[in-house]
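Trainee:
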Amino acid sequence: MHPFALSRADDLAATIAAHAQDPQLAFIAGGTDLIGLMKDRAALPERLLDINGLPDMARIETLPDGSLRIGALARMSDVAANAEVRGRFPVIAEALLLAASGQLRNMASMGGNIMQRTRCAYFRDDDDPPCNKRRPGSGCSAHHGLNRNHAIFGWSDACVATNPSDVAVAFAALDANVLVRGSTGQRSIPFTDFHRLPERTPEHDNVLDRGELIVAIEVPARVEGRASHYLKVRDRQSYEFALVSAAAAVATDGKHLRSARLALGGVAHKPWRLAAAETALRGVSLDDIIGLKSAIATSFTDARPLAHNAFKVELAQRVALRALQAAGERA
Amino acid sequence: MGETNRSSRFGGTAIASGSAVVKGPDVELGRAAATQGVEPRVVSLTVNGHISTLTVEPRMTLLDALREDLGLTGTKKGCDRGECGACTVHVDGRRILSCMTLAAMQEGKRITTIEGLESNGELHPLQAAFIEHDGFQCGFCTSGQIMSGVAMIGEAKAGWPSAVATDLRRSFTIADLSGAEIRERMSGNLCRCACYPNIVQAVAEAAGRS
Chain A
2 MHPFALSRAD DLAATIAAHA QDPQLAFIAG GTDLIGLMKD RAALPERLLD
52 INGLPDMARI ETLPDGSLRI GALARMSDVA ANAEVRGRFP VIAEALLLAA
102 SGQLRNMASM GGNIMQRTRC AYFRDDDDPP CNKRRPGSGC SAHHGLNRNH
152 AIFGWSDACV ATNPSDVAVA FAALDANVLV RGSTGQRSIP FTDFHRLPER
202 TPEHDNVLDR GELIVAIEVP ARVEGRASHY LKVRDRQSYE FALVSAAAAV
252 ATDGKHLRSA RLALGGVAHK PWRLAAAETA LRGVSLDDII GLKSAIATSF
302 TDARPLAHNA FKVELAQRVA LRALQAAGER A
Chain B
5 MGETNRSSRF GGTAIASGSA VVKGPDVELG RAAATQGVEP RVVSLTVNGH
55 ISTLTVEPRM TLLDALREDL GLTGTKKGCD RGECGACTVH VDGRRILSCM
105 TLAAMQEGKR ITTIEGLESN GELHPLQAAF IEHDGFQCGF CTSGQIMSGV
155 AMIGEAKAGW PSAVATDLRR SFTIADLSGA EIRERMSGNL CRCACYPNIV
205 QAVAEAAGRS
């Protein structure tokens, strides 16, 4: 790794001020993404600020209104093992347990999880092929290269990468909020607005500004939370990123869907919420497979597969259907 | 130390960032945050029960510090990218990947490596089970497998679920630690000799015995 300075933060306001003033400073928590990026020379910060000592940021708690508040420094394994999370939001615990490995889940923070960068092999390649995330303006090697793992929704000529987080898909489906502290105070970002589409500036994965730090993720109390499921399809059974995944959460009247929440992973630069499908699914019976399929299909009219990933268009619809059915069985 | 990139294309970038650092790494940092530079600093940690004081550059991983500075070469460097599990050690009782964390971030932490697993000359039950069940061929992944397995059994005893569970609302007990559970929980440790069936048997036996 390149030489860098390291210091330890113990005060939130000073931490934010340091980041705001210094474009070469990066926060480090679990390190499981950043250290890999530095080894691959996809990130070359001159200074790291270790935020693990910031107080009260690792808590997992239920607020008086029933919403779940997950501190940004809580570790993936602690969130996945938490009884409240497992009972009220199984989709979150499942997404976490299907991600990475036991060792990495013990290290990785929740804030870092939703900040993790794409696994696009061109982006991670330290031979430095053209990549607009790695070197803005250099081009996109994946667009006309090997793009089996890449996006089918929302990509641009500048970038066809996907977001690798599993739990982000669950948060998107549940309309969680990202609580962010900056020098002028705190703001709450709706989860589906947190990550952005690549457009012409794929070097920006999300809407955070310099001088902002994620302090927590809040999941509103939802009746659909308990009847939820995360399904992940990948090239090996464990310890692999998703080819396609789906988070589903439902509320029912008998067999009929009163509401359905659906988001996909592995298909876009951000967790991909299926808004049209959610509308079309209202009132459909969970026993009506044809009805469910055609409702889900309404969200795929704008799918744009690349040379090597047309299979994802069909796969994603099947994964969404199965996730929906599994969630329905919990209703 | 472990500079893997041999491409000259990056020379310019590395030199540029290096010289910027030399100019004064801490000038811009907020005063309330402790400021330190790129130069080596002293870190105190407890390794296998002994307090160790190391002098490390910030960029040194815990893995390299254990192997290069402390001579504890039982912990292996496989991929050096968090993909193989060979470097697994325990920090404050939890299994982690020592290649993906910095030594300088471990101040005051309690580290256990494969060398610290035996007690009073007796192998840990999982070490004994690996021998009994022939849980290795070349042995390169073995210390990582064993460190992962020991902590994993602790996680299972603490009731942590895995992705194998069909209903996470149910509590998990060690009696639920099936072969499928062990395989899932040990999936972060790769064995290119493919000793997986024997590794699973060894872990199962140690989970029942320890």
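So the protein lines, in turn, are chains A and B. Throughout the first sequence, residue numbering follows the numbering used here, covering 2 to 332 in sequence. Throughout the second sequence, residue numbering follows the numbering used here, covering 5 to 214 in sequence. Even glycine gets a Cβ: it sits at the ideal position worked out from N, Cα and C.
1) Reducing DSSP to helix, strand and coil, say where B:Val168 ends up.
2) Apply the 10 Å Cβ neighbour rule to A:Val220 and answer buried if 16 or more other Cβ atoms are within range, or exposed otherwise.
3) For the beta strand (DSSP E) holding A:Leu69, just list the boundary residues, first then last.
4) Considering only C-alpha positions, which residue in the set A:Met116, A:Glu85, A:Glu200 is nearest to A:Gly138?
5) Ignore the nearest five residues each way along the sequence and tell me which others in B:Ser4's own chain have a CB closer than 7 Å to its CB.
6) Can you look up B:Leu33 in the DSSP assignment and give me helix, strand or coil?
7) Between B:Leu76 and the rest of its own chain, which residues show a CB-CB distance below 6 Å, the 5 nearest in sequence each way excluded?
8) What residues in the region 95 to 113 of chain A have a beta carbon less than 8 Å from any beta carbon of chain B?
9) Just how far apart, CA to CA, sit A:Val179 and B:Ser175?
10) Got a sec: is the Cβ-Cβ distance from A:Phe5 to anything in chain B below 8 Å?
11) Pick helix, strand or coil for A:Ala249, following the three-state DSSP scheme.
12) Using a Cβ-Cβ cut-off of 6 Å (strictly less than) and excluding sequence neighbours within five positions of B:Cys195, which residues of its own chain qualify?
13) For the candidate residues B:Asn193, B:Ala108, B:Gly53, B:Arg99, whose alpha-carbon lies nearest to that of A:Leu7?
14) By the DSSP assignment, the beta strand (DSSP E) with A:Arg259 in it spans what residues?
15) Let me make sure I understand the geometry here. Which of A:Ser246, A:Leu287, A:Phe154 has the alpha-carbon closest to that of A:His300?
16) Between A:Gly31, A:Gln326, A:Pro65, A:Leu45, which lies nearest to A:Ser78 when the distance is taken from Cα to Cα?
17) Once you ignore the five residues that flank A:Leu287 on each side, which residues in its own chain have a CB closer than 6 Å to its CB?
18) Using a threshold of 8 Å, state whether the C-beta atoms of A:Gly67 and B:Arg173 are closer than that.
19) Whose C-alpha, out of B:Asp84, B:Gly212, B:Ile203, is nearest the C-alpha of B:Gln149?
20) Could you check where the beta strand (DSSP E) with A:Ile115 kicks off and where it finishes?
21) Taking the Cβ atom as the reference point for each residue, do A:His151 and A:Ala162 lie within a distance shorter than 8 Å?
22) Apply the 10 Å Cβ neighbour rule to A:Ala308 and answer buried if 16 or more other Cβ atoms are within range, or exposed otherwise.
23) Give me the Cα-Cα distance between A:Val80 and A:Arg106, rounded to the nearest whole angstrom.
24) Compare the Cα-Cα distances from A:Asp11 to each of A:Arg323, A:Ala298, A:Val234, A:Gly54 and report the closest residue.
25) Would a check of beta-carbon distances place A:Tyr240 closer than 8 Å to chain B?
26) To which residues of the same chain is A:Asp303 closer than 8 Å at the C-beta, ignoring the five residues directly before and after it?
27) Following the continuous alpha helix (DSSP H) through A:Asp1, name the residue where it begins and the one where it ends.
28) Whose C-alpha, out of A:Met39, A:Leu74, A:Ala82, A:Asp206, is nearest the C-alpha of A:Lys134?
29) For a minimum of 3 consecutive residues, which ranges assigned as the beta strand (DSSP E) are wholly contained in the region 144 to 227 of chain A?
30) Name the chain B residues that come within less than 9 Å of A:Pro91, Cβ to Cβ?
31) Within 10 angstroms of the Cβ of B:Ala198, are there 16 or more other Cβ atoms? Answer buried if so, exposed if not.
32) Sort out for me which residues DSSP pairs A:Phe28 with in a bridge.
33) Mind checking whether A:Leu50 and A:Ile29 have CB atoms under 8 Å apart?
34) Hey, does A:Ser78 have any beta-carbon neighbour from chain B nearer than 8 Å?
35) Should A:Gly226 and A:Val245 be called a contact, given that it needs their Cβ atoms to be closer than 8 Å?
36) Could you name the residues of the region 79 to 91 of chain B whose beta carbon sits closer than 8 Å to any beta carbon of chain A, in the order they occur along the chain?
Mentor: With the structure as the only source:
1) As a first step, residue 168 of chain B is located in the second sequence; it is residue number 164 there, counting from the start. It is coil, neither helix nor strand.
2) Taking the first sequence and counting its residues from 1, the one referred to as residue 220 of chain A is at position 219. Counting Cβ neighbours within 10 Å, A:Val220 comes out buried, since at least 16 surround it.
3) Against the first sequence, residue 69 of chain A aligns to sequence position 68. A:Leu69 -> beta strand (DSSP E) spans 69 to 72.
4) One-based indexing of the first sequence puts residue 138 of chain A at position 137. Out of A:Met116, A:Glu85, A:Glu200, A:Glu200 has the C-alpha closest to the C-alpha of A:Gly138.
5) Because residue 4 of chain B is not part of the residues shown, which for chain B are 5 to 214, the question remains open.
6) As a first step, residue 33 of chain B must be located in the second sequence, where it is residue number 29. Because the pLDDT of B:Leu33 is 43, which lies under 50, any placement of that residue in the model is unreliable, and the number read from its coordinates should be weighed accordingly. Looking at B:Leu33 - three-state DSSP - the assignment turns out to be coil, as it is neither helix nor strand.
7) Numbered from 1 along the second sequence, position 72 holds the residue referred to as residue 76 of chain B. Around B:Leu76: Leu70, Thr117, Glu119.
8) Glu95, Leu98, Leu99, Ala101, Ser102, Gly103, Gln104, Leu105, Asn107, Met108
9) Within the first sequence, residue 179 of chain A is the residue found at index 178, counting from 1. Within the second sequence, residue 175 of chain B is the residue found at index 171, counting from 1. When rounded, the distance between both Cα atoms is 29 Å.
10) Sequence index remark: in the first sequence, residue 5 of chain A carries index 4 (1-based). Yes, A:Phe5 counts as interfacial toward chain B.
11) The sequence position of residue 249 of chain A within the first sequence is 248, counting from 1. The three-state secondary structure of A:Ala249, taken from DSSP, is strand.
12) The sequence position of residue 195 of chain B within the second sequence is 191, counting from 1. Excluding positions up to five away in sequence, the list reads Cys145.
13) Against the first sequence, residue 7 of chain A aligns to sequence position 6. Considering only alpha carbons, the answer is B:Ala108.
14) Numbered from 1 along the first sequence, position 258 holds the residue referred to as residue 259 of chain A. Counting along the chain, the beta strand (DSSP E) containing A:Arg259 begins and ends at 257 to 266.
15) Within the first sequence, residue 300 of chain A is the residue found at index 299, counting from 1. The sequence shown places Ser at residue 300 of chain A, not His. Checking every option, the nearest Cα to that of A:Ser300 belongs to A:Phe154.
16) As a working mapping, residue 78 of chain A is identified with position 77 in the first sequence. For the residues A:Gly31, A:Gln326, A:Pro65, A:Leu45, the minimum Cα distance to A:Ser78 belongs to A:Gly31.
17) Locating residue 287 of chain A in the first sequence gives position 286, counting from the first residue. So the list reads Lys256, Gly329, once near-sequence residues are dropped.
18) In the first sequence, the residue the question calls residue 67 of chain A occupies position 66. In the second sequence, the residue the question calls residue 173 of chain B occupies position 169. No. Outside cutoff.
19) Reading the second sequence from its first residue, position 145 is the one you call residue 149 of chain B. Checked all of B:Asp84, B:Gly212, B:Ile203; the closest Cα to B:Gln149 is B:Ile203.
20) Counting from 1 along the first sequence, the entry for residue 115 of chain A is found at position 114. Here A:Ile115 belongs to no beta strand (DSSP E); instead the alpha helix (DSSP H) covers 111 to 116.
21) Start at 1 with the first residue of the first sequence, and residue 151 of chain A comes out as number 150. Start at 1 with the first residue of the first sequence, and residue 162 of chain A comes out as number 161. Cβ distance < 8 Å, so A:His151 and A:Ala162 count as in contact.
22) Taking the first sequence and counting its residues from 1, the one referred to as residue 308 of chain A is at position 307. Label assigned to A:Ala308: exposed.
23) For the purposes of this step, residue 80 of chain A is taken as residue 79 along the first sequence, with counting starting at 1. For the purposes of this step, residue 106 of chain A is taken as residue 105 along the first sequence, with counting starting at 1. Their Cα atoms are separated by approximately 10 Å.
24) Taking the first residue of the first sequence as 1, we reach residue 11 of chain A at position 10. Answer by Cα proximity: A:Gly54.
25) If you number the first sequence from 1, residue 240 of chain A lands on position 239. Closer than 8 Å to some Cβ of chain B, the Cβ of A:Tyr240 qualifies, so yes.
26) The sequence position of residue 303 of chain A within the first sequence is 302, counting from 1. Closer than 8 Å at the Cβ level, and outside the excluded window around A:Asp303, lie Phe154.
27) Since the first residue of chain A shown is 2 and the last is 332, residue 1 of chain A is not available in this structure.
28) In the first sequence, the residue the question calls residue 134 of chain A occupies position 133. Nearest C-alpha to A:Lys134: A:Asp206.
29) 178 to 183, 186 to 191, 214 to 220
30) Taking the first sequence and counting its residues from 1, the one referred to as residue 91 of chain A is at position 90. Here the neighbours are Asp171, Leu172, Arg173.
31) In the second sequence, residue 198 of chain B corresponds to position 194, counting from 1. Flag for B:Ala198 reads exposed.
32) In the first sequence, counting from the first residue as 1, residue 28 of chain A sits at position 27. Looking at the DSSP assignment, A:Phe28 forms a beta bridge with A:Leu50.
33) Along the first sequence, one-based indexing puts residue 50 of chain A at 49. Along the first sequence, one-based indexing puts residue 29 of chain A at 28. One thing to note: A:Leu50 has its Cβ within 8 Å of the Cβ of A:Ile29.
34) Taking the first residue of the first sequence as 1, we reach residue 78 of chain A at position 77. Chain B, which has a Cβ nearer than 8 Å to the Cβ of A:Ser78, makes this yes.
35) By 1-based counting over the first sequence, the position of residue 226 of chain A is 225. By 1-based counting over the first sequence, the position of residue 245 of chain A is 244. No, Cβ-Cβ distance for A:Gly226 and A:Val245 is not below 8 Å.
36) Asp84, Arg85, Gly86, Gly89
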